[in-house]
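There are 2 protein chains.
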Amino acid sequence: MEIPEASASTNRAPTLHDIAAHVGVSVRTVSRVVNDRPGPAEATRQRVLEAIEHMEYRPNLLARGLVTRQSFTLGLVATYLNDPFFAELARGIQAAGDRLGYLVYLTSSEGEPGRQQDILRSLVDRGSDGVIIFPVRGAEQQLISVAERSVPVVSIDHRIEHPRIGSVEWDTEHGAHLAVEHLRATGRHRIGMLSSRMAESVDEPRETGFRKAISDLGYDVDRAVVWTDETVEGGALGVAELLRRYPDLDGVFAYTDIMAIGAMRALEDTGRAVPDEVSVIGVDDVELSALVRPALTTVRIDREQMGTRAVEMLMRMRADPAAVFQHEVIDVSLVVRDSG
Amino acid sequence: MEIPEASASTNRAPTLHDIAAHVGVSVRTVSRVVNDRPGPAEATRQRVLEAIEHMEYRPNLLARGLVTRQSFTLGLVATYLNDPFFAELARGIQAAGDRLGYLVYLTSSEGEPGRQQDILRSLVDRGSDGVIIFPVRGAEQQLISVAERSVPVVSIDHRIEHPRIGSVEWDTEHGAHLAVEHLRATGRHRIGMLSSRMAESVDEPRETGFRKAISDLGYDVDRAVVWTDETVEGGALGVAELLRRYPDLDGVFAYTDIMAIGAMRALEDTGRAVPDEVSVIGVDDVELSALVRPALTTVRIDREQMGTRAVEMLMRMRADPAAVFQHEVIDVSLVVRDSG
DNA sequence: CAATTCCTTGCCATCGTTGGCAGGGAAACA
DNA sequence: TGTTTCCCTGCCAACGATGGCAAGGAATTG
Numbered sequence: 215m216e217i218p219e220a221s222a223s224t225n226r227a228p229t230l231h232d233i234a235a236h237v238g239v240s241v242r243t244v245s246r247v248v249n250d251r252p253g254p255a256e257a258t259r260q261r262v263l264e265a266i267e268h269m270e271y272r273p274n275l276l277a278r279g280l281v282t283r284q285s286f287t288l289g290l291v292a293t294y295l296n297d298p299f300f301a302e303l304a305r306g307i308q309a310a311g312d313r314l315g316y317l318v319y320l321t322s323s324e325g326e327p328g329r330q331q332d333i334l335r336s337l338v339d340r341g342s343d344g345v346i347i348f349p350v351r352g353a354e355q356q357l358i359s360v361a362e363r364s365v366p367v368v369s370i371d372h373r374i375e376h377p378r379i380g381s382v383e384w385d386t387e388h389g390a391h392l393a394v395e396h397l398r399a400t401g402r403h404r405i406g407m408l409s410s411r412m413a414e415s416v417d418e419p420r421e422t423g424f425r426k427a428i429s430d431l432g433y434d435v436d437r438a439v440v441w442t443d444e445t446v447e448g449g450a451l452g453v454a455e456l457l458r459r460y461p462d463l464d465g466v467f468a469y470t471d472i473m474a475i476g477a478m479r480a481l482e483d484t485g486r487a488v489p490d491e492v493s494v495i496g497v498d499d500v501e502l503s504a505l506v507r508p509a510l511t512t513v514r515i516d517r518e519q520m521g522t523r524a525v526e527m528l529m530r531m532r533a534d535p536a537a538v539f540q541h542e543v544i545d546v547s548l549v550v551r552d553s554g
Numbered sequence: 215m216e217i218p219e220a221s222a223s224t225n226r227a228p229t230l231h232d233i234a235a236h237v238g239v240s241v242r243t244v245s246r247v248v249n250d251r252p253g254p255a256e257a258t259r260q261r262v263l264e265a266i267e268h269m270e271y272r273p274n275l276l277a278r279g280l281v282t283r284q285s286f287t288l289g290l291v292a293t294y295l296n297d298p299f300f301a302e303l304a305r306g307i308q309a310a311g312d313r314l315g316y317l318v319y320l321t322s323s324e325g326e327p328g329r330q331q332d333i334l335r336s337l338v339d340r341g342s343d344g345v346i347i348f349p350v351r352g353a354e355q356q357l358i359s360v361a362e363r364s365v366p367v368v369s370i371d372h373r374i375e376h377p378r379i380g381s382v383e384w385d386t387e388h389g390a391h392l393a394v395e396h397l398r399a400t401g402r403h404r405i406g407m408l409s410s411r412m413a414e415s416v417d418e419p420r421e422t423g424f425r426k427a428i429s430d431l432g433y434d435v436d437r438a439v440v441w442t443d444e445t446v447e448g449g450a451l452g453v454a455e456l457l458r459r460y461p462d463l464d465g466v467f468a469y470t471d472i473m474a475i476g477a478m479r480a481l482e483d484t485g486r487a488v489p490d491e492v493s494v495i496g497v498d499d500v501e502l503s504a505l506v507r508p509a510l511t512t513v514r515i516d517r518e519q520m521g522t523r524a525v526e527m528l529m530r531m532r533a534d535p536a537a538v539f540q541h542e543v544i545d546v547s548l549v550v551r552d553s554g
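Top line first, the protein sequences correspond to chains D and A.
Here this note's numbering = 1-based position in the first sequence + 214.
Here this note's numbering = 1-based position in the second sequence + 214.
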């Protein structure tokens, strides 16, 4: 009564060694059973399996990863975690990874190159088997470093010209066309775009599509674009700037739904009715867009499909490290609701 | 010229061994420098640091974790990833973990015990240093198993009576009081509650608070509660059921904002004006709630603070595994907007 | 019955790191 | 100059798993 029982419940987890000792075979044999590899006789296999069950053995994935150089871990680097867009994308990626036994590190760069660098290092240090990333514009070199350390990288929504980096993109240039054409078909002719601050210094398909689509309208295409944050506030600020430039503004094409919603609120605050006086169209089709009033007209991009395709591409790159230049483009479609 | 240069760019990452060989010291010495431990002379330290810099050495965290039994990895098990509530919580947790050098596995149980079990195993197998979880009700035993494998567990919003499991909760019973009192103060007397399906078989503070707060209204408290999914659709379906029971319904208290929004949409669809005919109050104060129209009145629960506190508690449990019974309660407040 | 083959199993090294301990050299003391 | 002390440094084992190879035994063949 005086010696307290060793707390069996907090014991170290059993290892291959413990199972081997218990059954009376070698560690190597147990390992073969665990990995379902040929060798062990049926009788041995059964005894080992029983011990595994009974002792609640679970393989140590750190140790296994050290030898096999596979951690069954994936990294997702989003931009903003609280943007519902990424949440839905993460869901698609997680679901796809899940089927293959992968667990996902979810992180966010907050759009800062320094943070992105830290995160990428952190992922590589932990032996991630691949990285799916919404790259911060202008920090492509970081991705190249990762890829050259033999970690597959898939870039989302932004093509990077490097033989070891794949990409999955939406055809947002086409999406911009659809949006602007819809605005024009409904009689709008003073159309501005709220673009992303991240797109300011690079060619961005949504902007390109927008510029092309309004180029014949007879006013300065460049002034029709405002760069701002990809947030609700950013959208509100951006539309205020557009109104300053064009008091007769009657159509807005926003880089994301979130920005479009900010724009709608700001327009209402200045007493302009949406869509009666100004139409607003976004891009993404986040769940929220169907819930706000007026419900947002938007260019739908399929995030579940994106997640699946990105993970599949990663797996292909893993299987064949020499594979080169993979770029996939996913179709988009216009969802017409009430805002435009 | 005939022998192609070994592609330096895709070489294996350098190890302690490589650094040691390059500088001409032992692996042990390099390890000491990397970990900033006393021993190496200043001159040696400098030479090693230079080599580390020059060869771009990064420690292999799998190998380190194997020895030290620390992976600098945290697991977060949410319920639904696409619920903005969790996205904002994840953000708080990630920010807190980040400061301490931890990376976060983000996963979702989808409310299914089986999935929760798989995820927990997966996290433990990868040597996670701790788990923060929104537990599936009725599957508490799974958490206990994890805790007894010496992995700290912090449960969110649901207390589990076990010495090795901590919890961080919001005072949602008080929140329910605030909500119902506000409804009554604004003249409502036929008030129903949309509760969570997960709460059907257990005592749930929000329900308890609700029941107490309407107990003197003179109608059957039990019939005033409907259990439904924590989704937009769930909210819509639930409010339809409440209307069937009480055609003169004039107040709704929902388990979450998302459900409240679904309820608002369903009420509008039946021609009932919010808040003129029926008031709606939610719980959470997700970003979305300020954006929908009418803007949602809600019980605000602070998710950033929650994330920080949960991570801090995990660290305390790690530091002192014998620590027992930690339960923290975070205050809530009513945010009055337009819906009620 | 001896030789060959196949099936099963075990031993040893390895992955990249850290912990414990011992040893070498220089500095400090007597 | 001999001895003690204190820095530094390096060797070996360990963490928990897998890979390559060899060895033991049974089964098959000549």
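Just so you know, even glycine gets a beta-carbon here, dropped at the ideal spot from N, CA and C.
Fair warning: this is a prediction, and the values are worked out from it, not measured in the lab.
Which residue from A/Arg351, A/Ile374 and A/Leu314 puts its Cα closest to that of A/Gly328?
A/Arg351
DSSP state of D/Asp430 mapped onto helix, strand, coil
helix
When burial is assigned at 16 or more other CB atoms within 10 Å of the CB, is A/Thr470 buried or exposed?
buried
Along chain D, in chain order, which residues have C-beta atoms closer than 7 Å to that of A/Ser336?
Leu317
Starting from A/Arg514 and walking both ways along the beta strand (DSSP E), at which residues does that stretch end?
Thr511 to Arg514
Report all residues from its chain with a CB closer than 8 Å to the CB of D/His396; omit the five preceding and five following residues, and keep chain order.
Ile495, Thr511, Leu548, Val550 and Gly554
Using the C-alpha atoms, what's the distance from A/Gln355 back to D/Ile217?
Confidence at D/Ile217 is low in this model, with a pLDDT of 30, below 50, so the placement of that residue should be treated as unreliable; the coordinate-derived value is given next. Looking at the two C-alpha atoms, the distance is approximately 28 Å.
How about A/Ile374 and A/Ile346: are their beta carbons less than 8 Å apart?
no
Spell out whether any CB of chain A is found under 8 Å from the CB atom of D/Gly555.
With chain D running from 215 to 554 in the structure shown, residue 555 of chain D is simply not present.
Segment contact, 8 Å Cβ cut-off, at least three pairs: the stretch 409–427 of chain A with the stretch 476–488 of chain A:
no
Indicate, with yes or no, if the ligand PLP has a heavy atom lying under 7 Å from the CB of D/Ala454.
With respect to the ligand PLP, the structure offers nothing, as it holds no ligand at all.
Proximity of A/Val525 and A/Val492 at Cβ, strictly below 8 Å:
no
With burial defined as no fewer than 16 other Cβ atoms inside 10 Å of the residue's Cβ, what is the status of D/Arg313: buried or exposed?
exposed
At which residues does the alpha helix (DSSP H) containing D/Asp499 begin and terminate?
From DSSP, D/Asp499 is part of no alpha helix (DSSP H); its letter is neither H nor E.
Under 8 Å, do D/Val382 and D/Met527 count as touching if we go by C-beta distance?
yes
Kindly indicate the opening and closing residues of the alpha helix (DSSP H) around A/Ile333.
Pro327 to Asp339
Can you name the start and end residues of the beta strand (DSSP E) that A/Phe467 belongs to?
Gly465 to Ala468
Please list the residues of the stretch 294–313 of chain A that have a C-beta atom closer than 7 Å to any C-beta atom in chain D, keeping them in chain order.
Leu295, Asn296, Pro298, Ala301, Glu302, Ala304, Arg305 and Gln308
Assign D/Pro535 to buried or exposed, taking buried as 16 or more other Cβ atoms, counted over all protein chains shown, within 10 Å of its Cβ.
exposed
Go to A/Val367, then tell me how far its beta strand (DSSP E) extends in each direction, as first and last residue.
Val367 to Ile370
Are A/Leu276 and D/Ser245 close, meaning C-beta to C-beta below 8 Å?
no
Quick check: the stretch 260–268 of chain D against the stretch 289–305 of chain D, are there 3 or more CB pairs under 8 Å?
no
Touch check for the stretch 423–440 of chain D and the stretch 398–411 of chain D: three-plus C-beta pairs under 8 Å?
yes
On the three-pair Cβ rule with 8 Å, is the stretch 442–451 of chain D touching the stretch 508–522 of chain D?
no
Would you report the Cα separation of D/Thr386 and D/Ala265, rounded to the nearest angstrom?
55 Å
Using beta-carbon positions only, say whether A/Ile405 and A/Glu444 come within less than 8 Å of one another.
no
Reduced DSSP category for D/Ile475 - H, G, I as helix; E, B as strand; rest coil:
helix
A/Leu320 beta carbon less than 8 Å from that of D/Leu320:
yes
Using a beta-carbon distance cut-off of less than 7 Å, what residues from the stretch 362–383 of chain A approach chain D?
Glu362, Arg363 and Ser364
Same chain, Cβ closer than 6 Å to D/Arg486, neighbours up to 5 away in sequence not counted
Val492
Span of the beta strand (DSSP E), counted from its first residue to its last, around A/Glu383
Ile379 to Trp384
Less than 8 Å between CB atoms is the rule here; does D/Tyr271 satisfy it with respect to chain A?
no
Compare the C-beta of A/Arg507 against all C-beta atoms of chain D and say whether one is closer than 8 Å.
yes
Span separating the alpha-carbon of D/Ser322 from that of A/His388
34 Å
Restricting to Cα atoms, I'd like to know which of D/His541, D/Val546 and D/Leu457 is closest to D/Gly380.
D/His541
Are the beta-carbon atoms of D/Val435 and D/Leu456 separated by less than 8 Å?
no
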